[in-house]
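Enquirer: My structure is below; once you've seen it, I'll send some questions.
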Amino acid sequence: MTSRPATIRHDTEVPGIGSVVMHVTTLEHGHVRYTVRGPHVRGTFVVIPEALRNGTVLPSTVKVQFGDDADPADDDGAFWNTHRPDEPVMHNVRLHGWTEGIDPDNPPSGYYLGRYATSLRDNGMRRELTFGVRRRTEALIRVLVRHWSALPHRHELILAAARRKAANLAKHEAEEAAALEAQIAKLQSARKKEQARLNAVLGVLRRRPLPIRPADPAPVKVPIVDNASESMGVLTVREVTVNEVVPGTVVYEVSGARVEGRFTVGRDRSQPRPVPEGLRVAYGHMASDSPFAIRQEREPEINGVRIGGYWNWDHRSSDAVTPTTPARLPASAYSGVRAGMSASSATERRASAVLRALALRYLARRDAAGLQLAAAQGQAPHLLRKCREQLHELRIERRDLQSQASRHRAREEQYRALIG
100 MTSRPATIRH DTEVPGIGSV VMHVTTLEHG HVRYTVRGPH VRGTFVVIPE ALRNGTVLPS
160 TVKVQFGDDA DPADDDGAFW NTHRPDEPVM HNVRLHGWTE GIDPDNPPSG YYLGRYATSL
220 RDNGMRRELT FGVRRRTEAL IRVLVRHWSA LPHRHELILA AARRKAANLA KHEAEEAAAL
280 EAQIAKLQSA RKKEQARLNA VLGVLRRRPL PIRPADPAPV KVPIVDNASE SMGVLTVREV
340 TVNEVVPGTV VYEVSGARVE GRFTVGRDRS QPRPVPEGLR VAYGHMASDS PFAIRQEREP
400 EINGVRIGGY WNWDHRSSDA VTPTTPARLP ASAYSGVRAG MSASSATERR ASAVLRALAL
460 RYLARRDAAG LQLAAAQGQA PHLLRKCREQ LHELRIERRD LQSQASRHRA REEQYRALIG
């Protein structure tokens, strides 16, 4: 939009100021200069349609700049720290900066100048405007903005301001859309993985259960060794229950070698895998199928100390289970001087040997595959519900992001149309 050299004079009354003469000149890029003279006020104001990021494509608000010259670039700190030509003087106070976000069709009644309307001294120091100066400045700006909103070429001004920023704003919208589309791609990948997990869980539910041998109450002698292969005695082990309260588990009654009590051995169901692959050995007889229960019934005494807790073994990230590895396994004392703490080194050493021996005995069962399938089918309904909930959440999130990305792409096209 080219400059309009013609200047129009407009006389008006401003509350709190009196009769004011305004010389109105249309400039480039949709700017309109108001040179004002009146009682206790003189200087230049520039009304600028605001083409903002994430705002309306065609500006719907205006900024009023104090002083002549071009408006500041988005990153131009010099404007804030430098006097503009012909900055307005209101009651001997020189106005500096600008005020923004004004609806020209409904300008605010007061208290809207904002933090960028101030007074800049010659030494570079800024000071806050007094109450009286602010109120009179706001009254004058309301008059200017109302006059601007009634200009016959207002739409041309808005278009000119929009075209000036259209290239930068189109780039911004493209970047926003690209970022959202990248998130959508990640969500789509996550959705495929979750759908594959759901299909795997459904496959587990469709499988025919494998035969599982019932508990054998006959006692069996099981030697135990520490991590240095030194003998720690012989346990007497008998099976109490198999695949009962907690699917896929075996409860062992253990005595001898300074150990007395029960242990529950099964698959690690704390990970959301369709088929649990690790191991979970709990001190005591698990009476609940919750994988997060800490205290159990009939917890064992080792070295005369009641021991509780559990050991989770993940074959993907832990050492293989052998009679000597992993070397140290968890053992929490619930009696004695260390109650509420980790058991002593000697007790932990013996507990680790017992856990390793029972884990190996469980893994060596001929029906280990049947127990693993039973554990998988036992947790399948819970996993199925979780998978469906997760897929539902991913669908909602993807739909929301797609809507946002489409909106940014549409705005990008609108800005590019302004460039053309």
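Using the working numbering, the letters of the sequence shown correspond one by one to residues 100 to 519.
Glycine included, C-beta positions come from ideal geometry on N, C-alpha and C.
Just so you know, these numbers come straight off a predicted model, no measurement behind them.
#1: The beta strand (DSSP E) that contains T124, what's its start and end?
#2: Where do the ends of the beta strand (DSSP E) carrying Q370 lie?
#3: Whole angstroms is fine: what's the gap from D174's alpha carbon to E186's?
#4: In chain order, what residues of the same chain have a beta carbon less than 8 Å from the beta carbon of I116, not counting five sequence neighbours either side?
#5: Pair every Cβ in the stretch 314–329 with every Cβ in the stretch 285–301, then say whether three or more of these pairs are closer than 8 Å.
#6: Need the endpoints of the beta strand (DSSP E) that I393 sits in, please.
#7: Under 8 Å between the Cβ atoms of T475 and P375?
#8: Given that a residue counts as buried once 16 or more other Cβ atoms are within 10 Å of its Cβ, and exposed if not, what is F230?
#9: Where does Y211 sit, in a helix, a strand or coil, going by DSSP?
#10: Tell me which same chain residues have a C-beta within less than 6 Å of the C-beta of L279, skipping the five on either side of it?
#11: If you drop the 5 nearest sequence neighbours on each side, which residues of the same chain put their C-beta closer than 7 Å to that of V303?
#12: Which full runs of the beta strand (DSSP E) of 3+ residues lie inside the stretch 445–501, going along the chain?
#13: Once you ignore the five residues that flank A335 on each side, which residues in its own chain have a CB closer than 6 Å to its CB?
#14: Which same chain residues end up closer than 7 Å to P158 when comparing Cβ atoms and leaving out the 5 residues on each side of it in sequence?
#15: Rounded to the nearest angstrom, what separates V242 and R487 at their Cα positions?
#16: Determine, using beta carbons only, whether V345 and A314 come nearer to each other than 8 Å.
#17: Taking contact to mean 3 or more Cβ pairs, one atom from each stretch, closer than 8 Å, check whether the stretch 425–436 and the stretch 462–471 are in contact.
#18: Near P206, which residues of its chain fall below 8 Å by C-beta distance, leaving aside the five closest residues on each side in sequence?
#19: Let me know the secondary structure DSSP gives S505 once reduced to three states.
Expert: Well, looking at it:
#1: Sequence index remark: in the sequence shown, residue 124 carries index 25 (1-based). Note, T124: beta strand (DSSP E), 117–125.
#2: For the purposes of this step, residue 370 is taken as residue 271 along the sequence shown, with counting starting at 1. Here Q370 belongs to no beta strand (DSSP E), and DSSP marks it neither H nor E.
#3: Counting from one through the sequence shown, the residue named residue 174 turns up at place 75. Counting from one through the sequence shown, the residue named residue 186 turns up at place 87. Here D174 scores only 49 on pLDDT, less than 50, and its place in the model should not be relied on; the value that follows carries that caveat. Each residue's alpha carbon lies about 21 Å from the other.
#4: As a position in the sequence shown, residue 116 is number 17, starting the count at 1. Excluding sequence neighbours, I116 sits near G137, P138, H139, V140, R235, A238, L239.
#5: no
#6: Along the sequence shown, one-based indexing puts residue 393 at 294. Per DSSP, I393 belongs to no beta strand (DSSP E) and is neither H nor E.
#7: Taking the first residue of the sequence shown as position 1, residue 475 is located at position 376. Taking the first residue of the sequence shown as position 1, residue 375 is located at position 276. In the sequence as displayed, the identity of residue 475 is Ala instead of Thr. Taking 8 Å as the Cβ cut-off, A475 and P375 qualify as a contacting pair.
#8: Within the sequence shown, residue 230 is the residue found at index 131, counting from 1. It is exposed - the Cβ of F230 has fewer than 16 other Cβ atoms within 10 Å.
#9: As a first step, residue 211 is located in the sequence shown; it is residue number 112 there, counting from the start. It is coil, neither helix nor strand.
#10: Mapped onto the sequence shown, residue 279 falls at position 180. Correct list, in chain order: L500, Q503, A504.
#11: For the purposes of this step, residue 303 is identified with residue 204 of the sequence shown, where counting begins at 1. The answer, listed in chain order, is P373, V374, A475, Q476, A479.
#12: none
#13: The residue given as residue 335 occupies position 236 in the sequence shown. The sequence as given places Thr at residue 335; Ala does not occur at that position. Excluding residues within five positions, the ones whose Cβ falls inside 6 Å are P318, S354, G355.
#14: Taking the first residue of the sequence shown as 1, we reach residue 158 at position 59. Closer than 7 Å at the Cβ level, and outside the excluded window around P158, lie P148, E149, A150, I257, A260, A261.
#15: Looking up residue 242 in the sequence shown gives position 143. Looking up residue 487 in the sequence shown gives position 388. Between V242 and R487, the C-alpha separation is close to 60 Å.
#16: Here the question's residue 345 lines up with position 246 in the sequence shown. Here the question's residue 314 lines up with position 215 in the sequence shown. Result no, Cβ atoms of V345 and A314 do not sit closer than 8 Å.
#17: no
#18: Counting from 1 along the sequence shown, the entry for residue 206 is found at position 107. So the list reads I240, R241, V244, R245, once near-sequence residues are dropped.
#19: Sequence index remark: in the sequence shown, residue 505 carries index 406 (1-based). In this structure, S505 counts as helix in the three-state DSSP scheme.
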